[in-house]
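Remarks on the structure that follows.
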Amino acid sequence: MRCMLMGSFVLAAVMSFAGVSRAHIDLTSPAPRHADDQQKVAPCGARGDARGETVTVFEPGETITVTWNETIDHPGHFRIMFDDDGFDDFPEPANENDLCEPGVDKGCLLDGIADKKGGSYSAEVTLPDMECDNCTLQLIQVMTDRRPATLYYRCADLVLKSSDPGAATSAASSGAGTGGGATGAGGDAATSASSSATAGAGGDATTGAGTGGGATTGAGAGTGGGATTGAGVDEGSGAAEDDGGCSFGGAVGGAPISAGLGALAALALAARGRRRGRLAPRQDAAGRGPRRL
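Here you go:
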């Protein structure tokens, strides 16, 4: 009988110890830093509070759902905080009525989450819109059935990192576009300069070699008209908008100028023939030698 009583006492003691050591709150998402039941040491429950190997990655500014279980019910409320520098320097409430305000108090994501007599809990919070490699999310339980209020702590190690490389790509694209514009402008300038030089020199059909926007204007427009007119004029190419229509063979006035040059050439040939006729040797009526007219 004595052995049975002793066994019952030992079993009750073990069960009592197990009840005391059970977690009051069990953070389920994000994954907790510590898997054990140490929860009474600030800021994250266990002594040492070293950052663990279990890290959850989120996007900056992402809205997440924090879930946890209350295994031993106590009246009070819950608070969710955030730290971005790895120091885990979370402020503690001065009393059970000291609530932080999200968006006002540093690191405060949500406070005053009412107790509902144990069970499962979930709350949506929005993470800061920033990147960090050493950030921490803290869940605390503020129990009001004792004075002063008792706190239990749980933490999760996070990384906030953007998965969208849009900023770098956008910057690279912007630089390429600017360079392209400069190249185009250079091409136009080269073409214009070449056209102007051709118009001034009056006879080197090289315009249209530029790679800019004006390349198609004068390409292949020159006809090298020295053979046609005999005047030794090389009809260089050139766009009407570049040389004002003064280039020979251009789109504006090209045909009238060519016709005029042809007429001048014909007159020159006729005049040369008349001049040669005056100098040609002739015989007189008696058949004597040549005489000069």
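Mind the numbering: the sequence shown is residues -23 to -1, 1 to 270 in mature numbering (1 follows the signal peptide of the UniProt record, and there is no 0), read in order. The C-beta atom is built at its ideal place from N, Cα and C for all residues, glycine as well.
N- and C-terminal bounds of the beta strand (DSSP E) containing Q115: On the sequence shown, residue 115 is found 138 positions in, with the first residue counted as 1. C109 to M120 is the extent of the beta strand (DSSP E) around Q115.
Candidates E30, T48, E73 and V136: closest to R123 by CA position: As a first step, residue 123 is located in the sequence shown; it is residue number 146 there, counting from the start. It is E73.
CA-to-CA distance, Y129 to V102, given in whole angstroms: Counting from 1 along the sequence shown, the entry for residue 102 is found at position 125. Counting from 1 along the sequence shown, the entry for residue 129 is found at position 152. Looking at the two C-alpha atoms, the distance is approximately 20 Å.
For T44: DSSP bridge partner residues: Position 67 of the sequence shown, counting from 1, holds the residue named residue 44. S6 and S99, per the DSSP bridge assignment.
Rounded straight-line distance, which links the Cα of I41 to that of P125: On the sequence shown, position 148 is the one that residue 125 refers to. On the sequence shown, position 64 is the one that residue 41 refers to. Each residue's alpha carbon lies about 32 Å from the other.
Same chain, Cβ closer than 6 Å to Y98, neighbours up to 5 away in sequence not counted: Your numbering for residue 98 matches position 121 in the sequence shown. W45, listed in sequence order.
Span of the beta strand (DSSP E), counted from its first residue to its last, around V81: As a working mapping, residue 81 is identified with position 104 in the sequence shown. Note, V81: premise wrong, no beta strand (DSSP E); not H, not E.
Exposure of A23, with buried meaning 16 or more beta-carbon neighbours within 10 Å: Start at 1 with the first residue of the sequence shown, and residue 23 comes out as number 46. So A23 ends up on the buried side.
P7, buried or exposed, once every other Cβ within 10 Å from all chains shown has been counted against 16: Indexing the sequence shown from 1 puts residue 7 at position 30. Its Cβ being crowded by 16 or more others within 10 Å, P7 is buried.
Test item: CB-CB of D60 and G84 under 8 Å: Position 83 of the sequence shown, counted from the first residue, corresponds to residue 60. Position 107 of the sequence shown, counted from the first residue, corresponds to residue 84. Yes, the Cβ-Cβ distance between D60 and G84 is below 8 Å.
8 Å contact criterion, which G95 and E47 should meet: CB distance rounded: Within the sequence shown, numbered from 1, the residue matching residue 95 stands at position 118. Within the sequence shown, numbered from 1, the residue matching residue 47 stands at position 70. At roughly 5 Å, the Cβ-Cβ gap stays under 8 Å, so G95 and E47 are in contact.
Reduced DSSP category for G53 - H, G, I as helix; E, B as strand; rest coil: Along the sequence shown, one-based indexing puts residue 53 at 76. G53 falls in the strand class under three-state DSSP.
8 Å Cβ shell around D50 - same chain, five flanking residues per side excluded: One-based indexing of the sequence shown puts residue 50 at position 73. D92, K94 and G95, listed in sequence order.
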